[in-house]
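Taking it in order: structure first as structure tokens, then the write-up.
Protein chains: 2
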Amino acid sequence: MDATIDEINIAAAEAWQAFFIYRKLSLKQRADFMRSIANEIEVIGEELIETAMIETNLPAARLRSERARTIFQLNNYAAFCESGQWLDVRIDEANENVNPPKPDIRKMLVPLGPVVVFGAANFPFAYSTAGGDTACAFAAGCPVIVKVHPGHAQTSRLVANAITKAAANHYLPKGIFSHVYGAAPAVGEALVKHQYTKAVGFTGSFAGGKQLFDWGNQRPVPIPVFAEMSSMNPVFLLPEKISNDAAQIAKLYAGSITLNAGQFCTNPGIVVGVDNDDLKKFINVLSEEIKNISPEPMLNAGIYKNYVEKRAAALSQQDVEQVAVSKKESAFNEATATIAAVSAADFIANPLLHQEVFGPYSIIVRCVDMTEMVAVATAMEGQLTATLMATNNDVILHEALVETVKNICGRLILNGVPTGVTVGLSMQHGGPFPATTDSRFTSVGADGIRRFARPVAFQNWPDELLPDELKSSNPINIWRTVNNELKK
Amino acid sequence: MDATIDEINIAAAEAWQAFFIYRKLSLKQRADFMRSIANEIEVIGEELIETAMIETNLPAARLRSERARTIFQLNNYAAFCESGQWLDVRIDEANENVNPPKPDIRKMLVPLGPVVVFGAANFPFAYSTAGGDTACAFAAGCPVIVKVHPGHAQTSRLVANAITKAAANHYLPKGIFSHVYGAAPAVGEALVKHQYTKAVGFTGSFAGGKQLFDWGNQRPVPIPVFAEMSSMNPVFLLPEKISNDAAQIAKLYAGSITLNAGQFCTNPGIVVGVDNDDLKKFINVLSEEIKNISPEPMLNAGIYKNYVEKRAAALSQQDVEQVAVSKKESAFNEATATIAAVSAADFIANPLLHQEVFGPYSIIVRCVDMTEMVAVATAMEGQLTATLMATNNDVILHEALVETVKNICGRLILNGVPTGVTVGLSMQHGGPFPATTDSRFTSVGADGIRRFARPVAFQNWPDELLPDELKSSNPINIWRTVNNELKK
Numbered sequence: 004m005d006a007t008i009d010e011i012n013i014a015a016a017e018a019w020q021a022f023f024i025y026r027k028l029s030l031k032q033r034a035d036f037m038r039s040i041a042n043e044i045e046v047i048g049e050e051l052i053e054t055a056m057i058e059t060n061l062p063a064a065r066l067r068s069e070r071a072r073t074i075f076q077l078n079n080y081a082a083f084c085e086s087g088q089w090l091d092v093r094i095d096e097a098n099e100n101v102n103p104p105k106p107d108i109r110k111m112l113v114p115l116g117p118v119v120v121f122g123a124a125n126f127p128f129a130y131s132t133a134g135g136d137t138a139c140a141f142a143a144g145c146p147v148i149v150k151v152h153p154g155h156a157q158t159s160r161l162v163a164n165a166i167t168k169a170a171a172n173h174y175l176p177k178g179i180f181s182h183v184y185g186a187a188p189a190v191g192e193a194l195v196k197h198q199y200t201k202a203v204g205f206t207g208s209f210a211g212g213k214q215l216f217d218w219g220n221q222r223p224v225p226i227p228v229f230a231e232m233s234s235m236n237p238v239f240l241l242p243e244k245i246s247n248d249a250a251q252i253a254k255l256y257a258g259s260i261t262l263n264a265g266q267f268c269t270n271p272g273i274v275v276g277v278d279n280d281d282l283k284k285f286i287n288v289l290s291e292e293i294k295n296i297s298p299e300p301m302l303n304a305g306i307y308k309n310y311v312e313k314r315a316a317a318l319s320q321q322d323v324e325q326v327a328v329s330k331k332e333s334a335f336n337e338a339t340a341t342i343a344a345v346s347a348a349d350f351i352a353n354p355l356l357h358q359e360v361f362g363p364y365s366i367i368v369r370c371v372d373m374t375e376m377v378a379v380a381t382a383m384e385g386q387l388t389a390t391l392m393a394t395n396n397d398v399i400l401h402e403a404l405v406e407t408v409k410n411i412c413g414r415l416i417l418n419g420v421p422t423g424v425t426v427g428l429s430m431q432h433g434g435p436f437p438a439t440t441d442s443r444f445t446s447v448g449a450d451g452i453r454r455f456a457r458p459v460a461f462q463n464w465p466d467e468l469l470p471d472e473l474k475s476s477n478p479i480n481i482w483r484t485v486n487n488e489l490k491k
Numbered sequence: 004m005d006a007t008i009d010e011i012n013i014a015a016a017e018a019w020q021a022f023f024i025y026r027k028l029s030l031k032q033r034a035d036f037m038r039s040i041a042n043e044i045e046v047i048g049e050e051l052i053e054t055a056m057i058e059t060n061l062p063a064a065r066l067r068s069e070r071a072r073t074i075f076q077l078n079n080y081a082a083f084c085e086s087g088q089w090l091d092v093r094i095d096e097a098n099e100n101v102n103p104p105k106p107d108i109r110k111m112l113v114p115l116g117p118v119v120v121f122g123a124a125n126f127p128f129a130y131s132t133a134g135g136d137t138a139c140a141f142a143a144g145c146p147v148i149v150k151v152h153p154g155h156a157q158t159s160r161l162v163a164n165a166i167t168k169a170a171a172n173h174y175l176p177k178g179i180f181s182h183v184y185g186a187a188p189a190v191g192e193a194l195v196k197h198q199y200t201k202a203v204g205f206t207g208s209f210a211g212g213k214q215l216f217d218w219g220n221q222r223p224v225p226i227p228v229f230a231e232m233s234s235m236n237p238v239f240l241l242p243e244k245i246s247n248d249a250a251q252i253a254k255l256y257a258g259s260i261t262l263n264a265g266q267f268c269t270n271p272g273i274v275v276g277v278d279n280d281d282l283k284k285f286i287n288v289l290s291e292e293i294k295n296i297s298p299e300p301m302l303n304a305g306i307y308k309n310y311v312e313k314r315a316a317a318l319s320q321q322d323v324e325q326v327a328v329s330k331k332e333s334a335f336n337e338a339t340a341t342i343a344a345v346s347a348a349d350f351i352a353n354p355l356l357h358q359e360v361f362g363p364y365s366i367i368v369r370c371v372d373m374t375e376m377v378a379v380a381t382a383m384e385g386q387l388t389a390t391l392m393a394t395n396n397d398v399i400l401h402e403a404l405v406e407t408v409k410n411i412c413g414r415l416i417l418n419g420v421p422t423g424v425t426v427g428l429s430m431q432h433g434g435p436f437p438a439t440t441d442s443r444f445t446s447v448g449a450d451g452i453r454r455f456a457r458p459v460a461f462q463n464w465p466d467e468l469l470p471d472e473l474k475s476s477n478p479i480n481i482w483r484t485v486n487n488e489l490k491k
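Residue numbers (the working numbering), protein chains in the order written: chain A, 4 to 491; chain B, 4 to 491.
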């Protein structure tokens, strides 16, 4: 049952009250709470995997590894939270001997306030209820309200119970976490527009994310909305590399395009090459591989319907050629792996072909030459990732392409596949619009904590009244920039 | 003469072309360019001061110190640019021995693209043509298009010439900097909405900044708009402190409220106290001081007209009392220093009284008790600064007030005045909306560079093809987080 406006108001008010308690907890206390959530998720055991299997059609092995990733994220972000490095502490001590005299000023990040999290259909654990956005918000010092994803509400309830238990273990107020049901857009709208909501995290479709972004900006007091939305994750085949390894690359990509029915935000949806014998060889091998792919059930009927429609729309465009489809019979809800092809000129001219087809689908863009490949990259929207299949010579010789591609993506992969998003500080999961609504932040890795914090400078405060993070003796031993020098 | 759309298109196209050259310059090359700008500004000499005096009515001494500040900013941000610390480099080396194996990933900030800067009326040097926004953009690796402030177009032209000379000295393409005239909103709109514009910096009124913010968000591809808009900079008088030092605080604040005709974004526009004999003493002393303030000319006729109207509107509100005005006669364009007073209940109920009156004006809010003071703080919008006049005991005893105030501001001053914004890493000049459009960033201090950059992760690149910032040997010797450890 959808939450009523009264229920949303209560959740928001409780979150607001909890904020003023939770924000004062030490970094260690926040980290302990997060580790406790990880532990409580582990304690749920097989019930969690079985429930998610029923709700998402994802295989057990995938769900087990996603659960491990979720637990790793909570522990990893907890450790980074505790390190204090992300607080960006800057201390400038007073100086009476300059004109004008300088007061003592000390700056650190403080939490924004309650964060509303919309979970992802395709990651019931790692980017949902206790996923990356929630972990980052808790690390930053923010209470969280999760809008339950209707695709896996039971799974979400189990995880929510784990968070609630962890909160109780640490004597945290009820409002630190709320779990709000709602399939209707009105629930999401009320949550995003609530005066006590200070930021939003979202992973999903372009239409959904853009709507939240607009709501966030249209408020009397606008708030940041971090939506990770849509990406084609283009792959560029450079001449020397494709001449050396066409068959091997084709086999690698057949796997990446069809992994878990292609239901990844980093699924490679476009492959761009120069139309020559090497590309023909690549296409032939890729086609053979795709024909032998066994159909897999998609996450839910809505996503399946969407795949069927978007795939049909793309294939029906004039000049788009269907190159290969899986020959294996597919049942209802099972996605048929598909490779299409189009000329660069037609691709550039047709914006529909620039849109993500969420599922095991990829379109090959044939260029006349490398100049046209640069034109294709220039015509592309912002992307989470871009991949160059290239020798070192290729990278050096085709600098214009490399620079253009670098400018449209958040992660630039050389000779690999975009699927498989490592959790770590070095990861950037966020690219120019429409990949995300704010390319300056990441939604994977502990740097994502910063999305939910802002700096506050304390001017002329006596040491004993400052937060520990800013005291001269550095009692919690964190990295700080003191009088322009980074030190511990 | 306002720029035509054709001229704007040319400036934008040149900036876009320059971007692909400038972004590849080393940190040292960018820093040298910035230092060269500082030098060329110095070379202009007295002509710059004289021109600005005519255009802004600001006194020579103030303009000289602002010029020094501008030069300091360029040199200081250049040094921080060169340090590379702001690039937030994170390196996670490959690890084959984990499941799944980890690829080598290295992340750093890269520039967003051309930045449009709208200068401030009240800072013809430090927050205009070669001011903080421009310096940050150049440090980040972004070309700049300045929309000339019509209030000081000749001053701006002189500074623009200095930038152009510095660019020529460093063989930089023409598009690295453009200077666009335009009093009409259409010029600003065309600049913000241009496809090649990737970010906007603005300092000015709420109406102006909010308009740019909305334009930025309404684009097919939204861009960040950093507008520093309006702030009342509330001052809270706590019981023990005001009991000890009422007269001294009143004298300090008479100066801060009226400095340069109150034309600072950090001008203290609200003073909040508990209505008792101590507050009466404060008001009496403040009133005597204000009566003796000599009127000063405002920056221009538009700002003067605005002051007269906003001041009159505030004073005409029911229950608002005029407490003191300067007794000295004022000529046309000279602002009359004014102190008003209102009860906390009336202040809370009347949103008009929460709006900035740009000039030497401040309203005293009388509270029944400290609980009502918390209610006043709770009712306040976001602020650049807030100030507590408080003893240590006051801070400890009135935690609810301190926490509420911390939550609405970017800089929290204890026993000082908000005017005087030190340039340094510890400075936060940016607060919750409507003080600025993005409280997560600062527009003063070298941390402002980050506004114009975004992270890009390089996955699986051989060392020899990586930028110097990311090479394993750390050839430019910058701080980096390698396998979760911060080091050089």
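Virtual Cβ for every residue (Gly too), placed ideally from N, Cα, C.
Original post:
Can you name the start and end residues of the alpha helix (DSSP H) that V408 of chain B belongs to?
Top reply: Walking along the second sequence from the start, residue 408 of chain B turns up at place 405. First-last of the alpha helix (DSSP H) with V408 of chain B: E402 to K409.
Original post:
Along the chain, where does the alpha helix (DSSP H) that runs through E95 of chain B open and close?
Top reply: On the second sequence, position 92 is the one that residue 95 of chain B refers to. The sequence given here has Asp at residue 95 of chain B, not Glu. Note, D95 of chain B: premise wrong, no alpha helix (DSSP H); beta strand (DSSP E) at R93 to D95.
Original post:
With DSSP run on the structure shown, which of helix, strand or coil describes I479 of chain B?
Top reply: The residue given as residue 479 of chain B occupies position 476 in the second sequence. Reduced to three states, the DSSP call for I479 of chain B is coil.
**OP:** Determine the DSSP secondary structure at G385 of chain B, reduced to helix, strand or coil.
**Re:** Residue 385 of chain B sits at position 382 when you count from the first residue of the second sequence. G385 of chain B falls in the coil class under three-state DSSP.
Original post:
Taking buried to mean at least 16 other C-beta atoms within 10 Å of its own C-beta, is V459 of chain A buried or exposed?
Top reply: One-based indexing of the first sequence puts residue 459 of chain A at position 456. With 16 or more other Cβ atoms within 10 Å, it is buried.
Subject >> Exposure of Q198 of chain B, with buried meaning 16 or more beta-carbon neighbours within 10 Å >> reply: Here residue 198 of chain B refers to the residue found at position 195 when the second sequence is read from its first residue. By the beta-carbon neighbour count (other beta carbons within 10 angstroms, threshold 16), Q198 of chain B is exposed.
**OP:** Give me the Cα-Cα distance between A202 of chain B and A138 of chain B, rounded to the nearest whole angstrom.
**Re:** Reading the second sequence from its first residue, position 199 is the one you call residue 202 of chain B. Reading the second sequence from its first residue, position 135 is the one you call residue 138 of chain B. One C-alpha to the other measures close to 14 Å.
Original post:
Among the residues of its own chain, which have a CB less than 7 Å from the CB of A382 of chain A, if the five just before and after it don't count?
Top reply: Counted from its first residue, the first sequence places residue 382 of chain A at position 379. Cβ within range, chain order: I351.
Original post:
chain A partners of A460 of chain B, CB-CB under 8 Å?
Top reply: Position 457 of the second sequence holds residue 460 of chain B. Going along chain A in sequence order, the residues near A460 of chain B (Cβ under 8 Å) are G413, R414, L415, S429, M430 and Q431.
Original post:
Quick one, which of A:T54, A:T59, A:K105 and A:G122 has its alpha-carbon nearest E231 of chain A's?
Top reply: Position 228 of the first sequence, counting from 1, holds the residue named residue 231 of chain A. Checked all of A:T54, A:T59, A:K105 and A:G122; the closest Cα to E231 of chain A is A:G122.
**OP:** For V101 of chain B, count neighbouring Cβ atoms within 10 angstroms of its own Cβ and tell me buried if that reaches 16, exposed if not.
**Re:** Sequence index remark: in the second sequence, residue 101 of chain B carries index 98 (1-based). With fewer than 16 Cβ atoms within 10 Å of its Cβ, V101 of chain B is classed as exposed.
**OP:** Taking a Cβ distance cut-off of 9 Å, strictly less, list which residues of the region 32–65 of chain A are near chain B, in chain order.
**Re:** none
Original post:
Which residue or residues does DSSP assign as beta-bridge partners of K105 of chain B?
Top reply: In the second sequence, residue 105 of chain B corresponds to position 102, counting from 1. In the DSSP output, where bridge partners are listed per residue, K105 of chain B has B:N98.
Original post:
How close, in whole Å, do the beta carbons of M301 of chain A and N60 of chain A come, if the pair is a contact with beta carbons under 8 Å?
Top reply: Position 298 of the first sequence, counted from the start, is the residue given in the question as residue 301 of chain A. Position 57 of the first sequence, counted from the start, is the residue given in the question as residue 60 of chain A. With 8 Å as the limit, M301 of chain A and N60 of chain A qualify as a contact, their Cβ atoms being about 7 Å apart.
Original post:
Hey, would you say G144 of chain B sits closer than 8 Å to A124 of chain B, going by beta carbons?
Top reply: The residue labelled residue 144 of chain B in the question sits at position 141 within the second sequence. The residue labelled residue 124 of chain B in the question sits at position 121 within the second sequence. Cβ distance not < 8 Å, so G144 of chain B and A124 of chain B don't count as in contact.
Subject >> Distance, E467 of chain A Cα to I108 of chain A Cα >> reply: Along the first sequence, one-based indexing puts residue 108 of chain A at 105. Along the first sequence, one-based indexing puts residue 467 of chain A at 464. Cα to Cα, the separation comes out at about 14 Å.
Original post:
Is the Cβ-Cβ distance between Q266 of chain B and F361 of chain B less than 8 Å?
Top reply: The sequence position of residue 266 of chain B within the second sequence is 263, counting from 1. The sequence position of residue 361 of chain B within the second sequence is 358, counting from 1. Yes, the Cβ-Cβ distance between Q266 of chain B and F361 of chain B is below 8 Å.
Subject >> Proximity of I481 of chain B and G87 of chain B at Cβ, strictly below 8 Å >> reply: On the second sequence, position 478 is the one that residue 481 of chain B refers to. On the second sequence, position 84 is the one that residue 87 of chain B refers to. The answer is yes: Cβ separation under 8 Å.
**OP:** List the residues of chain A that S442 of chain B touches, going by C-beta distances under 7 Å, in chain order.
**Re:** Position 439 of the second sequence, counted from the first residue, corresponds to residue 442 of chain B. Within chain A, the residues near S442 of chain B are R457.
Original post:
Residue range of the alpha helix (DSSP H) that S181 of chain B falls in?
Top reply: The residue labelled residue 181 of chain B in the question sits at position 178 within the second sequence. Per DSSP, S181 of chain B belongs to no alpha helix (DSSP H); it is in the beta strand (DSSP E), F180 to V183.
Subject >> Element boundaries [beta strand (DSSP E), containing Y364 of chain A] >> reply: Locating residue 364 of chain A in the first sequence gives position 361, where the first residue counts as 1. Run containing Y364 of chain A: Y364 to C370, per the beta strand (DSSP E) assignment.
Original post:
Counting pairs of Cβ atoms below 8 Å between the region 250–257 of chain B and the region 408–416 of chain B, do you hit three or more?
Top reply: no
Original post:
Taking buried to mean at least 16 other C-beta atoms within 10 Å of its own C-beta, is E356 of chain A buried or exposed?
Top reply: Indexing the first sequence from 1 puts residue 356 of chain A at position 353. The sequence as given places Leu at residue 356 of chain A; Glu does not occur at that position. L356 of chain A is buried by the Cβ-count criterion.
**OP:** Could you name the residues of the same chain whose beta carbon sits closer than 6 Å to that of A187 of chain A, not counting the 5 residues immediately before and after it, in chain order?
**Re:** As a working mapping, residue 187 of chain A is identified with position 184 in the first sequence. These residues qualify, in order along the chain: D5.
**OP:** For K110 of chain A, count neighbouring C-beta atoms within 10 Å of its own C-beta (all shown protein chains included) and say buried if the count is 16 or more, exposed if not.
**Re:** Residue 110 of chain A sits at position 107 when you count from the first residue of the first sequence. Under this definition K110 of chain A is a buried residue.
Subject >> Rounded Cβ spacing between V492 of chain A and L240 of chain A (contact assumed at less than 8 Å) >> reply: Limits of chain A in this structure are 4 at one end and 491 at the other, which puts residue 492 of chain A out of reach.
Original post:
Taking E49 of chain B as the reference, which of B:A41, B:A63, B:N42 and B:E58 has the closest Cα?
Top reply: Mapped onto the second sequence, residue 49 of chain B falls at position 46. Among B:A41, B:A63, B:N42 and B:E58, the Cα nearest to that of E49 of chain B belongs to B:A63.
Original post:
How would you list, in chain order, the residues of chain B whose beta-carbon sits under 7 Å from the beta-carbon of R1 of chain A?
Top reply: Residue 1 of chain A cannot be examined here, being either before or after the span of chain A that is shown, 4 to 491.
**OP:** Assuming P106 of chain A contacts T200 of chain A (C-beta within less than 8 Å), just tell me the rounded distance between them.
**Re:** Numbered from its first residue, the first sequence carries residue 106 of chain A at position 103. Numbered from its first residue, the first sequence carries residue 200 of chain A at position 197. Between T200 of chain A and P106 of chain A the Cβ distance is about 35 Å, and since that is not below 8 Å, they are no contact.
Subject >> C-beta contact flag for R72 of chain B and A129 of chain B at 8 Å >> reply: Residue 72 of chain B sits at position 69 when you count from the first residue of the second sequence. Residue 129 of chain B sits at position 126 when you count from the first residue of the second sequence. Taking 8 Å as the Cβ cut-off, R72 of chain B and A129 of chain B qualify as a contacting pair.
Subject >> Local Cβ density within 10 Å of V224 of chain B, reported as buried at 16 or more and exposed below that >> reply: To locate residue 224 of chain B, count along the second sequence from 1; it is residue 221. It is exposed - the Cβ of V224 of chain B has fewer than 16 other Cβ atoms within 10 Å.
Subject >> Nonlocal neighbours in the same chain, by C-beta distance under 7 Å from D372 of chain B, ignoring five residues either side >> reply: In the second sequence, the residue the question calls residue 372 of chain B occupies position 369. Closer than 7 Å at Cβ, skipping near neighbours: V277.
Subject >> Residues of its chain near P176 of chain A, where Cβ-Cβ distance is below 7 Å and the 5 sequence neighbours each way are ignored >> reply: Indexing the first sequence from 1 puts residue 176 of chain A at position 173. The answer, listed in chain order, is Q20, A21 and I24.
Original post:
Any idea what DSSP makes of R67 of chain B, helix, strand or coil?
Top reply: For this step, residue 67 of chain B is matched to residue 64 along the second sequence. Note: R67 of chain B maps to helix in three-state DSSP.
Original post:
Interface residues of chain A around I247 of chain B at Cβ under 9 Å?
Top reply: Residue numbering aside, residue 247 of chain B sits at position 244 when the second sequence is read from its first letter. Note on identity: in this sequence residue 247 of chain B is Asn, with Ile being the wrong assignment. Residues of chain A passing the Cβ test: none, with the nearest at roughly 16 Å.
Original post:
By Cβ distance below 7 Å, which residues in the same chain neighbour K244 of chain A in space, the five residues on each side in sequence not counted?
Top reply: Translated into positions along the first sequence, residue 244 of chain A becomes position 241. Contacts found: M392, A393, T394 and D397.
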